[in-house]
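**Student:**
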Amino acid sequence: MVSYGGKLILALIALAVGLKLIKFLLKTIKKGLEKSSVDKSLYSFLMSATKITLYVVLVISIASMLGADMTSFIALVGSAGLAVGLALQGSLSNLAGGVLILFLRPFKAGDYIEVAGHSGTVEDVQLFYTILNTPDNKRIFIPNGELANSSSVNYSAHSTRRVDFKFGVGYEDDILKVKKILNKIAENHELVLQDPAPQVFLSEHGDSSVNFSLRLWCKTEDYWKIYFEIMEIVKLEFDKEGINIPYPQMDVHLINK
141 MVSYGGKLIL ALIALAVGLK LIKFLLKTIK KGLEKSSVDK SLYSFLMSAT KITLYVVLVI
201 SIASMLGADM TSFIALVGSA GLAVGLALQG SLSNLAGGVL ILFLRPFKAG DYIEVAGHSG
261 TVEDVQLFYT ILNTPDNKRI FIPNGELANS SSVNYSAHST RRVDFKFGVG YEDDILKVKK
321 ILNKIAENHE LVLQDPAPQV FLSEHGDSSV NFSLRLWCKT EDYWKIYFEI MEIVKLEFDK
381 EGINIPYPQM DVHLINK
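Convert by adding 140 to the 1-based position in the sequence shown; the result is the number in the working numbering.
This is the structure we're talking about:
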C-alpha cells in the first residue's frame with residue numbers, strides 16, 4: 141500500500157478526470173457533426189470509432205500510471221487481438237466492408253437500393269450490418285462484407301428516372317391513332333417531365349399484337365405513382381377509343397377423316 145498507494149490514488153483521479161473528459165469530447169464532437177452535413181450513417185460510425193479509441197487510450201494511460209510494463213502489455217494485447225481476429229474472420233470482413241461502404245458511399249441512408257438479392261430503403265449503415273426497410277415493412281440486416289463484394293443498384297442516386305412501358309394492340313388497329321393517344325397521355329400527365337420529351341415508337345411485331353414502347357421521365361420519388369397511373373389511364377383511353385388489347389391465343393383446326 142505504501143509503494144502503490146500514491147500511484148493508485150493518482151490513477152483513480154486520472155480515471156475520473158479521463159471519463160469526464162471523454163464524455164465532454166464526445167458531446168463536443170456530436171454537436172459538431174450534427175451541425176455539419178455529415179451523412180447519418182457516417183455520423184454513427186465516426187461516433188462509435190471515436191468512443192472506442194478514447195476509451196482504449198484511457199485504459200493504456202491508467203495501466204502506464206500503475207507501472208505496468210507497456211511493452212509486455214502491448215504484446216499481450218497484440219496476441220489477444222490476433223486470436224480474436226482469427227476467431228472472428230467473418231465479423232472483421234463485415235467491419236472492413238462497413239468502413240469501405242461508409243467512405244466510398246455507394247449509397248446512403250434514405251436511398252432505395254437493390255443488393256445481394258434484396259431491395260429496400262436504407263435505414264442505417266452500421267459497422268457490421270446495413271439495415272434495409274422493404275416496401276411491405278420488413279427489416280433486413282445484410283452483412284457489410286457481403287455488400288462490399290457484390291454489385292448494387294441505387295435507384296435514388298439521381299433526381300430523375302425513366303419509366304418504360306410496353307403496350308400491345310391488335311394488328312387491325314390504326315397505329316398512328318395509338319401513337320397519338322400515348323403521346324397525349326404522356327403530355328397531359330402533370331408529373332411527367334417534358335424535358336427530356338416523352339417517346340412513343342412501335343417496337344415489335346409480336347405473335348398476336350403490335351407492341352408500342354412508351355418512355356417518359358419523372359422525378360425519382362414519383363416513379364411508382366406515375367407507373368400505376370399511366371397503366372390505368374392507357375387502358376381506359378384504349379377502351380374509349382376502341383383500341384384492342386389482344387391476348388395470346390391459338391387457332392385450332394379440326395380435320396374429320
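Here a beta-carbon is modelled for each residue, glycine too, at the ideal position from N, C-alpha and C.
Between the alpha carbons of Gln334 and Asn323, how many angstroms are there, rounded?
**Tutor:** Gln334 and Asn323: Cα-Cα distance of roughly 11 angstroms.
**Student:** For Gly238, does the count of other Cβ atoms within 10 angstroms reach 16, so buried, or fall short, so exposed?
**Tutor:** By the 10 Å Cβ count, Gly238 comes out buried.
**Student:** Looking only at DSSP bridge pairs, what is Asn273 linked to?
**Tutor:** For Asn273, which the question treats as bridged, DSSP gives the partners Thr261 and Arg279.
**Student:** Take Tyr367 and list the residues in its own chain whose beta-carbon comes closer than 6 angstroms to its own, dropping the five residues that flank it on each side.
**Tutor:** Val303, listed in sequence order.
**Student:** With DSSP as the reference, label Lys359 as helix, strand or coil.
**Tutor:** The answer is strand: DSSP assigns Lys359 an E or B state.
**Student:** Is Tyr269 closer than 8 angstroms to Pro282 when the C-beta atoms are compared?
**Tutor:** In the sequence under discussion, the amino acid at residue 282 is Ile, which differs from the Pro named in the question. Taking 8 angstroms as the Cβ cut-off, Ile282 and Tyr269 qualify as a contacting pair.
**Student:** With distance defined between alpha-carbon atoms, name the residue in Asn289, Phe378, Val332 and Gly260 nearest to Asp276.
**Tutor:** Ranking the options by Cα distance to Asp276, first place goes to Gly260.
**Student:** Taking only beta-carbon atoms, is Glu263 less than 8 angstroms away from chain B?
**Tutor:** No chain B is present in this structure, which holds just one protein chain.
**Student:** State buried or exposed for Arg279, treating a residue as buried only when at least 16 other CB atoms are found within 10 Å of its CB.
**Tutor:** Exposed.
**Student:** Give the secondary structure of Lys306 by DSSP, where H, G and I count as helix, E and B as strand, and everything else as coil.
**Tutor:** Three-state result, Lys306: strand.
**Student:** Ordered along the chain, which non-local residues of its own chain (more than five positions away) have a Cβ less than 8 angstroms from that of Tyr405?
**Tutor:** This structure leaves residue 405 out entirely; the chain is present only between 141 and 397.
**Student:** Less than 8 angstroms between the CB atoms is what I'm expecting for Val265 and Leu242, so what's the real figure, rounded?
**Tutor:** Confirmed, Cβ separation roughly 6 angstroms.
**Student:** With a 10 Å radius around its C-beta and 16 neighbouring C-beta atoms as the bar for buried, classify Tyr311 as buried or exposed.
**Tutor:** So Tyr311 ends up on the exposed side.
**Student:** Would you kindly report the start and end of the unbroken alpha helix (DSSP H) that includes Glu327?
**Tutor:** Element bounds for Glu327: Ile315 to Asn328.
**Student:** Should Ala326 go down as buried or exposed, given a rule of 16 or more other Cβ atoms within 10 Å for buried?
**Tutor:** Classification of Ala326: buried, given that the 10 Å Cβ count is 16 or more.
**Student:** Just the Cα atoms here: how many angstroms apart are Ala227 and Asn289?
**Tutor:** The predicted model places Ala227 with a pLDDT of 46, which falls under 50 and marks its position as unreliable; any figure quoted below should be read in that light. Answer to the nearest angstrom: the Cα atoms are 21 angstroms apart.
**Student:** Go to Asn294, then tell me how far its beta strand (DSSP E) extends in each direction, as first and last residue.
**Tutor:** Element bounds for Asn294: Ser292 to Asn294.
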